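For the sequence shown, the numbering used here assigns the number 80 to the initial residue and increments by one for each residue that follows. All remarks here apply to the structure that follows.
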Amino acid sequence: MTTQSIRGIRGHGSLHWRGDRTAADQGEDPNDVVGAFKAFNPAFVSLMGRDSMLSDSEMQLFAEFAQQISYPPNPIRSLDNSLTPDQKEGRDIYFNYRIREVNNRTCNSCHRLDPEQGLFGTNTKISNAGQSQQYKIPHFRNMYTKVGMFGRAITDHIVHGDDQLMGDQIRGFGFLHNGAVDTVFRTLFPIMSVEQGRKLEQFILAFDSNLAPIVGQQVTLTNSNFARAQGRIDLMVERADAGECDLIAKARVDAHQRGWYRRGDGLFVSDLGKASLSTDKQLRNMVARGDTAALTYTCTPPGSGVRMGVDRDLDGLFDSDAAVLSSVGRVLPGKSSMAAR
């Protein structure tokens, strides 16, 4: 079976393709993913050659850390988080096409998409789904990363397309638990029309992820691209308003690094306490006026804007204020001189 990532395991219960790493073995809640992760401790000795397992406290810290690892935005999805016509039709098929009329099951019945619950293609349960044994239903956040194993051996039970030599491979394994199938389309079996299968494939490859597509996007506004960059900044503002990211800006002003964080009301907070709030237009006009040569906007993960924009150590003392105090050798009571740097 192919190796599964430990990204995005929060809330997913037992681990491994077979769900055989579970807290239930220790008499605990089978849906406890921290307990399931700690069941990997023996692998430090048996698989990795360590002399001993991690201590209970070390493994607890490791498990808690692993839960924080998340999947990145889907690079196939449009930056405004919209779907193409084919992807949109594929989404409709995903939620509404009845695979089995007898029990009204759809793709979403097992591969549940419910971002608010942290589910991106799995209901965290186990099913055989016509396979050789029972497997835990996997998520779909990484489907686009599996593209690149071109063509497959001819078999009777797999939908076929072009089975001829398709050139050099760029990936050794494809889809399903064993990586034996080259495309999403072929995993669907003959349960729907070719057109439906292709559209469903388009949606699955552009599947929702923990972070919206706009997260991580960055643009630097200068005099030379002032007009061209406006549309991208407008999009970043729009997606920040939709709650998909926090928007920050960075610039060098009067030989000092400065930062701003966009609040929910649309005003930008400066990392210099004495500075007044700025509107979006005022901030952009800093470049037009020549106050700075370049102003870089970044869409950061939701909830990280204050830290990344104006207060990097979250000590309540904003970055430029801390720099001023540090430069004159003063430190406020309870504030670290190292933090001020």
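All C-beta atoms, glycine included, are put in the ideal place defined by N, C-alpha and C. All of these numbers come straight from a predicted model, not from anything done at the bench.
With respect to the 9 Å criterion, Gly197 and Arg89 are classified as neighbours on the basis of their beta carbons.
Contact between Asp350 and Arg337 holds: CB atoms are separated by about 6 Å, below the 8 Å threshold. Secondary structure note for Leu300: its beta strand (DSSP E) is the uninterrupted segment Gln297 to Leu300. Taking a 10 Å sphere around the C-beta of Asp390, we find 16 or more other C-beta atoms and assign the residue as buried. A Cβ-Cβ separation of about 4 Å places Met228 in contact with Gly253 under the 8 Å criterion. Rounded to whole angstroms, the separation of the alpha carbons of Val348 and Gln105 is 50 Å. Ranked by how close their Cα comes to the Cα of Pro152, the residues Pro292, Ser211, Gly87 and Leu158 have Pro292 in first place. The alpha-carbon separation between Gln213 and Leu140 amounts to approximately 31 Å. One alpha carbon belongs to Asp333, the other to Asp400, and they sit about 15 Å apart. Boundaries of the beta strand (DSSP E) around Ser349: Phe347 to Ser349. Judged by beta-carbon spacing, Val226 lies beyond the 9 Å limit of Thr203, meaning their Cβ atoms are not closer than that value. Around the beta-carbon of Thr371, 16 or more other beta-carbon atoms lie within 10 Å, marking it buried. The shortest C-alpha to C-alpha distance from Gln166 to any of Val294, Ser303, Phe282 and Asp313 is the one to Phe282. Using a Cβ-Cβ distance cut-off of 8 Å, the stretch 365-381 and the stretch 314-325 are in contact, since at least three pairs of beta carbons, one from each stretch, lie closer than that value.
Boundaries of the alpha helix (DSSP H) around Ile283: Val273 to Leu284. Counting of Cβ neighbours within 10 angstroms places Ile148 among the exposed residues, the total staying below 16. In the three-state DSSP reduction, Ile270 falls in the helix class (H, G or I). For secondary structure counted as the alpha helix (DSSP H) over 4 or more consecutive residues, the stretch 154-189 holds these complete runs in sequence order: 164-175 and 186-189. In this structure, the straight-line span from the alpha carbon of Trp339 to that of Asn304 is close to 21 Å.
Per DSSP, Leu140 is one residue of the alpha helix (DSSP H) stretching across Asp135 to Ala145. In the three-state reduction of the DSSP assignment, Gly343 falls in the coil class. Cβ atoms of Tyr223 and Ile172 stay farther apart than 8 Å, at about 18 Å. Between Asn187 and Phe199 a beta carbon distance of about 12 Å is seen, past the 8 Å cut, so the two are scored as non-contacting.
Counting along the chain, no alpha helix (DSSP H) covers Lys353, and no H or E run does either. Under the three-state reduction of DSSP output, Arg337 falls in the strand class. Counted as a single uninterrupted DSSP element, the stretch harbouring Arg100 is not any beta strand (DSSP E), since DSSP gives it neither H nor E. If you check the CB distance, Val294 and Glu323 come in under 9 Å. Less than 9 Å separates the beta-carbon of Ser93 from that of Pro109. The residue among Gly352, Arg220 and Val113 with its C-alpha nearest the C-alpha of Ala402 is Gly352.
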